[in-house]
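*Asks:* I have a structure here, written as structure tokens, and I will follow up with some questions on it.
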Amino acid sequence: MKLSLIGSGSMATALALGLEGHFELEIIARNKDMASVLVNKLKNNIDIIDLNDANIENKNIILCTKPYALEEVASKLNGKANSLISILASTSIEKLSKAIEANHIVRAMPNVSAKLNSSTTTITGDKKIQKECMDIFNSIGDVFWVDSEKELDVATAIAGSGPAFLALVAEAMMDGGVKQGLKRDDSIKLVSSLFKGFAPLLNSSHPALIKDSVMSPAGTTAAGYSTLEEYGVRDAFIKAIEAAFAVTQK
1 MKLSLIGSGS MATALALGLE GHFELEIIAR NKDMASVLVN KLKNNIDIID
51 LNDANIENKN IILCTKPYAL EEVASKLNGK ANSLISILAS TSIEKLSKAI
101 EANHIVRAMP NVSAKLNSST TTITGDKKIQ KECMDIFNSI GDVFWVDSEK
151 ELDVATAIAG SGPAFLALVA EAMMDGGVKQ GLKRDDSIKL VSSLFKGFAP
201 LLNSSHPALI KDSVMSPAGT TAAGYSTLEE YGVRDAFIKA IEAAFAVTQK
């Protein structure tokens, strides 16, 4: 299957890096210089098509532009796509269908880990191409199909924005280690290793059970955990998800 990526920003780059070993790709771009930077990061040379010359007739499109650019980009596309996979946040299938002609439309929300083949992607839309979409995004990580756009928007707040939230946690823990006397490099390595080992642990056990298994009476974990609760970390994360979801509804 050949995939045509429209866009050349960070998410288009992440997807191209993850997908190039599995699918034939081409880039449709407004800015050919930016697209060239993207292509130079790939192992294989791929075609760059100027947006002004783009004919999407019967093509399989992955739309990777910013939401505000949808109308401008759509106005320059000729033809009717076979499938349109949009990764635009806050952009409904109804709005997409009015902007770009396609036989099948789905929304997908991968995250930046796509470039490492470790994306968490949520998809919804036309079930006639569910298998094809699942196959595409399975090649770059885990993929989940949900039944509604609202569920996808919630998933966007968690998995799409989540890398930034977890990066804040990681950086804070690294800084905490340095504050207590660890060398910066050692603190970075420790936290990175912690995150690496935590994912399989979380897949096999409930978070509360993980917490209980390492919390001894009057121990170090109990003291630290109590401090996190005292400063409202749990509630802050819940509110962060609420705030991110609210933006998807605008």
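Just so you know, full-length UniProt numbering puts 117 at position 117 of the sequence shown, and the rest follows in order with no gaps. Ideal Cβ positions, reconstructed from N, Cα and C, are used throughout, including at glycine.
#1: I need the DSSP call for D126, collapsed to helix, strand or coil.
#2: Say whether the segment 164-172 touches the segment 116-131, bearing in mind that this needs 3 or more beta-carbon pairs closer than 8 Å, one atom from each stretch.
#3: Taking all protein chains shown into account, do 16 or more other C-beta atoms lie within 10 angstroms of the C-beta of L201, making it buried, or fewer, making it exposed?
#4: Can you find a CB in chain D that lies within less than 8 Å of the CB of T156?
#5: Taking N82 as part of the beta strand (DSSP E), name the residues at either end of that continuous run.
#6: Please classify F198: is it buried, with 16 or more other beta-carbons within 10 angstroms of its beta-carbon, or exposed?
#7: Which residues mark the beginning and the end of the alpha helix (DSSP H) in which K196 is found?
#8: CB-CB under 7 Å to N44, same chain, minus the five flanking residues each way: which ones, in chain order?
#9: So, helix, strand or coil for I49, using DSSP?
#10: Indicate whether I6 and V73 have their beta-carbon atoms separated by less than 8 Å.
#11: Between the beta-carbon of I46 and the beta-carbon of E26, is there less than 8 Å?
#12: What's the call for I238, buried or exposed, on a 16-neighbour Cβ count within 10 Å?
#13: Decide if N58 is buried, meaning its Cβ has at least 16 other Cβ atoms within 10 Å, or exposed.
*Replies:* According to the structure data:
#1: DSSP places D126 outside both helix and strand once states are collapsed to three, so it counts as coil.
#2: Counting C-beta pairs with one atom in each stretch, the segment 164-172 and the segment 116-131 have fewer than three that are closer than 8 Å, which means they do not touch.
#3: Flag for L201 reads exposed.
#4: Here there is only one protein chain, and chain D is not present.
#5: Segment 81-86, the beta strand (DSSP E) holding N82.
#6: Per the 10 Å Cβ criterion, exposed.
#7: Note, K196: alpha helix (DSSP H), 184-204.
#8: Correct list, in chain order: E20.
#9: DSSP places I49 in strand when its eight states are reduced to three.
#10: Their beta carbons are under 8 Å apart, which means I6 touches V73 by this criterion.
#11: Taking 8 Å as the cut-off, the beta carbon of I46 is found closer than this to the beta carbon of E26.
#12: I238 should be labelled exposed.
#13: By the C-beta density criterion, N58 is exposed, having fewer than 16 other C-beta atoms within 10 angstroms.
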